[in-house]
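Visitor: Top to bottom, those sequences are chains A and B. Note that full-length UniProt numbering has the first sequence beginning at 1, numbered continuously upward. Note that full-length UniProt numbering has the second sequence beginning at 1, numbered continuously upward. What follows is a single structure, and I will ask about it in a moment.
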Amino acid sequence: MASNRQRRLLAFSGAVVMALTVAACGGESDNTANDKLDTPECAAYKDYTGIAGETVTIYSPIRDAEAGLLEQAWKPFADCTGVKIEYEGSGEFEAQLKVRVEGGDAPDLAFIPQPGLLEFFAKGGKLKAAGDKTKTMATQNFSPDWLKYGTVNGTLYGAPLGANVKSFVWYSPSLFKEKGWTVPTTWDEMIQLSDKMVAAKIKPWCAGIGSQDATGWPATDWIEDVLLREQGPDVYDQWVTHAIPFNDPKIVAATDRVGSILKNENYVNGGIGGVKSIATTTFQDGGLPVVQKKCGMHRQASFYANQWPKGTKVAQDGDAFAFYLPPIDPAKGKPVLGGGEFVGAFSDSAAVQSVQTYLASPDFANSRAKLNNWISANKGLDVANVSNPIDKVAVGILQDSGAVFRFDGSDLMPAAVGANSFWKGMTNWINGTDTKATLDFIEGTWPK
Amino acid sequence: MSTGTETIVAAPDAEVPPTVAGRVRKKLTSRTASAVSLVIALLWTVPTLGVLISSIRPENEIKSNGWWNFFSNPQFTLDNYNQVLFGSRSASGGLAGYFVNSLVITIPSVLFPLAFCALAAYALAWTRFRGRDWVYIGIFALQIVPLQMALIPLLSFFNYGVSLGGVQLLPAWDLDGPAKFITVWFAHTCFALPLGIFLLHNFMAELPGDLVEAARVDGATHAKIFRSVILPLIVPALASFAIFQFLWVWNDLLVALIFAGGPKNAPLTVRLAELAGNRGNEWQRLTAAAFVSIIVPLTVFLSLQRYFVRGLLAGSVKG
Numbered sequence: 001m002a003s004n005r006q007r008r009l010l011a012f013s014g015a016v017v018m019a020l021t022v023a024a025c026g027g028e029s030d031n032t033a034n035d036k037l038d039t040p041e042c043a044a045y046k047d048y049t050g051i052a053g054e055t056v057t058i059y060s061p062i063r064d065a066e067a068g069l070l071e072q073a074w075k076p077f078a079d080c081t082g083v084k085i086e087y088e089g090s091g092e093f094e095a096q097l098k099v100r101v102e103g104g105d106a107p108d109l110a111f112i113p114q115p116g117l118l119e120f121f122a123k124g125g126k127l128k129a130a131g132d133k134t135k136t137m138a139t140q141n142f143s144p145d146w147l148k149y150g151t152v153n154g155t156l157y158g159a160p161l162g163a164n165v166k167s168f169v170w171y172s173p174s175l176f177k178e179k180g181w182t183v184p185t186t187w188d189e190m191i192q193l194s195d196k197m198v199a200a201k202i203k204p205w206c207a208g209i210g211s212q213d214a215t216g217w218p219a220t221d222w223i224e225d226v227l228l229r230e231q232g233p234d235v236y237d238q239w240v241t242h243a244i245p246f247n248d249p250k251i252v253a254a255t256d257r258v259g260s261i262l263k264n265e266n267y268v269n270g271g272i273g274g275v276k277s278i279a280t281t282t283f284q285d286g287g288l289p290v291v292q293k294k295c296g297m298h299r300q301a302s303f304y305a306n307q308w309p310k311g312t313k314v315a316q317d318g319d320a321f322a323f324y325l326p327p328i329d330p331a332k333g334k335p336v337l338g339g340g341e342f343v344g345a346f347s348d349s350a351a352v353q354s355v356q357t358y359l360a361s362p363d364f365a366n367s368r369a370k371l372n373n374w375i376s377a378n379k380g381l382d383v384a385n386v387s388n389p390i391d392k393v394a395v396g397i398l399q400d401s402g403a404v405f406r407f408d409g410s411d412l413m414p415a416a417v418g419a420n421s422f423w424k425g426m427t428n429w430i431n432g433t434d435t436k437a438t439l440d441f442i443e444g445t446w447p448k
Numbered sequence: 001m002s003t004g005t006e007t008i009v010a011a012p013d014a015e016v017p018p019t020v021a022g023r024v025r026k027k028l029t030s031r032t033a034s035a036v037s038l039v040i041a042l043l044w045t046v047p048t049l050g051v052l053i054s055s056i057r058p059e060n061e062i063k064s065n066g067w068w069n070f071f072s073n074p075q076f077t078l079d080n081y082n083q084v085l086f087g088s089r090s091a092s093g094g095l096a097g098y099f100v101n102s103l104v105i106t107i108p109s110v111l112f113p114l115a116f117c118a119l120a121a122y123a124l125a126w127t128r129f130r131g132r133d134w135v136y137i138g139i140f141a142l143q144i145v146p147l148q149m150a151l152i153p154l155l156s157f158f159n160y161g162v163s164l165g166g167v168q169l170l171p172a173w174d175l176d177g178p179a180k181f182i183t184v185w186f187a188h189t190c191f192a193l194p195l196g197i198f199l200l201h202n203f204m205a206e207l208p209g210d211l212v213e214a215a216r217v218d219g220a221t222h223a224k225i226f227r228s229v230i231l232p233l234i235v236p237a238l239a240s241f242a243i244f245q246f247l248w249v250w251n252d253l254l255v256a257l258i259f260a261g262g263p264k265n266a267p268l269t270v271r272l273a274e275l276a277g278n279r280g281n282e283w284q285r286l287t288a289a290a291f292v293s294i295i296v297p298l299t300v301f302l303s304l305q306r307y308f309v310r311g312l313l314a315g316s317v318k319g
């Protein structure tokens, strides 16, 4: 009878559920953890006492292979102190963190890549101010330029973790050698080089700003980098905080200067198409023509090193390398545009503060840097531990005493602009909208 | 029916079936119709075929040209599958572990709503109490509440409990580790109820009242009627709702992201979303991973598909 079969099926599925639940619950009893701080190999961590057996949860946008390397980097610390670090990386970090914090499910620590988001949680009273030890560690190891972005109303909430440098122009050293070109050190030299490339029938620039929901962000980096060079850090700060309007003549000038490259049919889009192809090319693919020698230069952050096809030699004498986007006005110093994560704490237990302190230490920075593909603005980071040539250059730029660091502006602006209208505006600008209309549109979306 | 007269006029002709449905059916069984549907079926399978072929190509090939180049330049590898299934957990795959999580989440999240919806639908269809229709309309109307609106309240319900004016009415659940699966089951069950009750209620209400009457005359209780009379009759509706719910839960990312809490409890979808790497540069894994993740739904769909078609009509207008 049908109902019999039905009942048997139900009983069977019930049994399966029980079995799976039991299986999922098994193997979870590890409360006997002791620290091993007395052993010689743990000497470096002897200050972090009394946290054995505690669990600290970390939530972050860093995932996959890079997350594995992070875990590997703090493993000696965790083993020595006996603290358990539960790491979770997610691509939906920004939205999820808000939901979790609102719902009372906040992680102990979060690696927040947007100072604006950090400020949001700090002002909402959700984030705990950094403890004294963390503060000391952070001020020892990071420049005020960096700490400023982890500070809200004079209180430090988080120390920086990783960093990336955006002021880079990728090129093909072998192509440069072939043609006898040299790396430009001023903006004018760079434009002269571009003209030489045009004469040599190679489109000097290529770009791609496609990035799904975030399409347009690579173009915003262009504007920020040029504004920083043309007007200096003070005007940049005023722009980011809306002390001057978005359509101020200074911003118009910077945008037009970017336009003289990105909207110049003679200059772009090497190996891909015309100006409009910039909007339809993903940022991952935007620089690939460089190694095919169909395009001379590609402005993109240091992390673009991961995008080159397997087997590409990224080195000064290789297939791809990058130079520092040269200054326009030498009097304005050496501006560096970049980004990074800040370690914010939603709990102030001793274990959480210890981990937060450790993550700000040179110990961690060196431990992580040795594993490749990672840099930090930590002053204690030893360049010798950085193996990747491009990362070496980036660390050099970050540690340069003349460097003026500024955080990626679109991450500092209100989300309605920085993560929305600025991206959209720039995409339309590439597609033919003129500079004034674009900036007026973005200005109109700034939250009152 | 406006075509009534025509039907009568045409009736003597034995070749033309008398009803509209009959004529439609006749038209749809012709050779041309079969050919057309075959073409449609083939066209709709092409993307899936592309994914399958892509998943067995080497990384460099996937990244540099389209899957159709496989036919002119066949290169075969199982590397992608090896990577996504057995790679180290944090680095590249470890889908096998997440696969188990997906099952642990999905099976109860299908069975609970199925049980609750069937009971509720029975109560709303075959018992009489004051305000029954209003309760039914209320539940039906809840379908318009988007899931996203309930996420934060539900999460704080688990983590803070319920308090009104400083008085704690319900305590926080304080679940940790694998116990967090309970919150995922709870959430999925909540979100499934309105549609489930609506579907099953409509199906149950269509059953002939005589059956229930007869059982009642014989002295059967509600429990007995539900188990021996109603349940065997609504199997097609149950199966179709089970498929709906199964596919929905299996493919769900949002609820799992918020309630599962941590990578140890996360289902396949959560892992799939991260698989392409931090900057999307490892996307060659995605096709293989997609195939791993659709195996189960595909099996469920194929084995229950006859119910699916039947069930699509459940709750809709009967012809």
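All C-beta atoms, glycine included, are put in the ideal place defined by N, C-alpha and C.
1. Mind pulling the chain A residues with CB within less than 7 Å of B:Asn159?
2. Flag A:Cys376 as yes if its beta-carbon sits less than 9 Å from any beta-carbon of chain B, otherwise no.
3. What do you reckon, are the CB atoms on A:Ser167 and A:Gly271 nearer than 9 Å?
4. Give every residue of the same chain whose Cβ lies closer than 7 Å to the Cβ of B:Ala242, excluding the five residues on either side of it in the sequence, and list them in chain order.
5. Please report the straight-line C-alpha distance between A:Ala416 and A:Asp440, rounded to a whole angstrom.
6. For B:Trp283 and B:Trp250, what's the separation of their Cα atoms in angstroms?
7. Using a Cβ cut-off of 7 Å, pull out every chain B residue sitting near A:Phe303, in sequence order please.
8. Which residues bound the beta strand (DSSP E) around A:His298?
9. Check A:Gly318 in the structure and name its three-state DSSP category.
10. Kindly list the residues whose CB is nearer than 7 Å to the CB of B:Ala33, restricted to its own chain and excluding five residues on each side of it in sequence; keep chain order.
11. So, with DSSP's three-state summary, where would you put A:Lys448?
12. Name, in chain order, the residues that DSSP records as bridge partners for B:Trp248.
13. At which residue ranges does the stretch 382 to 414 of chain A contain complete alpha helix (DSSP H) runs of 4 or more residues, listed in the order of the chain?
14. Tell me, please, which residues DSSP counts as bridged to A:Ala345.
15. Name, going along the chain, the residues of the stretch 136 to 155 of chain B whose beta-carbon falls closer than 9 Å to a beta-carbon of chain A.
16. Out of A:Ala243, A:Lys392, A:Gly53, which one is the CA nearest neighbour of A:Phe321?
17. Do the stretch 179 to 190 of chain A and the stretch 325 to 344 of chain A make contact, defined as three or more Cβ pairs closer than 8 Å?
18. What does B:Pro263 reach in chain A if we use C-beta pairs closer than 7 Å?
19. Under the assumption that A:Tyr87 contacts A:Ile112 (Cβ atoms under 8 Å), give the Cβ distance between them as a whole number of angstroms.
20. Which same chain residues, not among the five before or five after B:Ser303, have their C-beta less than 6 Å away from its C-beta?
21. Leaving out five residues on either side along the sequence, give the residues of the same chain with a beta carbon under 7 Å from the beta carbon of A:Ala214.
22. Assuming the contact rule is C-beta atoms closer than 8 Å, B:Thr269 and B:Leu286 should be a hit. Round their C-beta distance to whole Å, please.
23. Using a Cβ-Cβ cut-off of less than 9 Å, give me the residues of the stretch 46 to 61 of chain B that come near chain A, in sequence order.
24. Could you tell me which residues DSSP puts in a beta bridge with B:Ala205?
25. Which residues of chain A have a Cβ atom closer than 8 Å to the Cβ of B:Leu257, listed in chain order?
26. Using beta carbons (cut-off 9 Å, strictly below), is A:Pro309 in contact with chain B?
27. Leaving out five residues before and five after A:Leu127 in sequence, what residues of the same chain have Cβ atoms less than 6 Å from its Cβ?
28. How about B:Ala290: is its C-beta nearer than 9 Å to some C-beta of chain A?
29. Since residue 320 of chain B meets chain A, which of its residues come closer than 8 Å, beta carbon to beta carbon?
30. Unbroken alpha helix (DSSP H) runs of length 4 or more, entirely within the stretch 130 to 156 of chain A: which are they?
31. Between A:Asp256 and the rest of its own chain, which residues show a CB-CB distance below 6 Å, the 5 nearest in sequence each way excluded?
32. Along the alpha helix (DSSP H) that carries B:Tyr122, what are the first and last residues, could you check?
33. Can you find the residues in the same chain that come closer than 6 Å, C-beta to C-beta, to A:Lys36, ignoring five residues on each side of it along the sequence?
34. Please return the same chain residues whose Cβ sits closer than 7 Å to the Cβ of A:Ser211, not counting the five positions on each side in sequence.
35. Could you name the residues of the stretch 159 to 182 of chain A whose beta carbon sits closer than 9 Å to any beta carbon of chain B, in the order they occur along the chain?
36. Along chain B, which residues have their Cβ under 8 Å away from the Cβ of A:Gln114?
Guide: On the basis of the supplied data:
1. Gly103, Gly104, Asp105
2. It should be pointed out that residue 376 of chain A corresponds to Ser in this sequence rather than to Cys. Taking Cβ atoms only, chain B never reaches closer than 9 Å to A:Ser376, which makes this a no.
3. no
4. Val110, Leu114
5. 15 Å
6. 22 Å
7. Arg279
8. 295 to 299
9. coil
10. Lys27
11. coil
12. Partner(s): none; B:Trp248 has no beta bridge.
13. 389 to 399, 409 to 412
14. A:Leu109, A:Lys128
15. Leu151, Ile152, Pro153, Leu154, Leu155
16. A:Lys392
17. yes
18. Glu88
19. That pair is no contact at about 15 Å.
20. none
21. Trp423
22. Not quite, the Cβ-Cβ distance comes to about 13 Å (not below 8 Å), so this is no contact.
23. Glu59, Asn60
24. None, per the DSSP bridge assignment.
25. Ser90, Glu92, Gln96
26. yes
27. Phe121, Tyr157, Gly344
28. no
29. A question about residue 320 of chain B goes unanswered here, because the residues of chain B that appear run from 1 up to 319.
30. 132 to 141, 144 to 147
31. Thr435
32. 95 to 126
33. Cys42, Cys80
34. Trp217, Thr282, Phe283
35. none
36. Here the premise fails: no neighbours, minimum Cβ distance about 16 Å.
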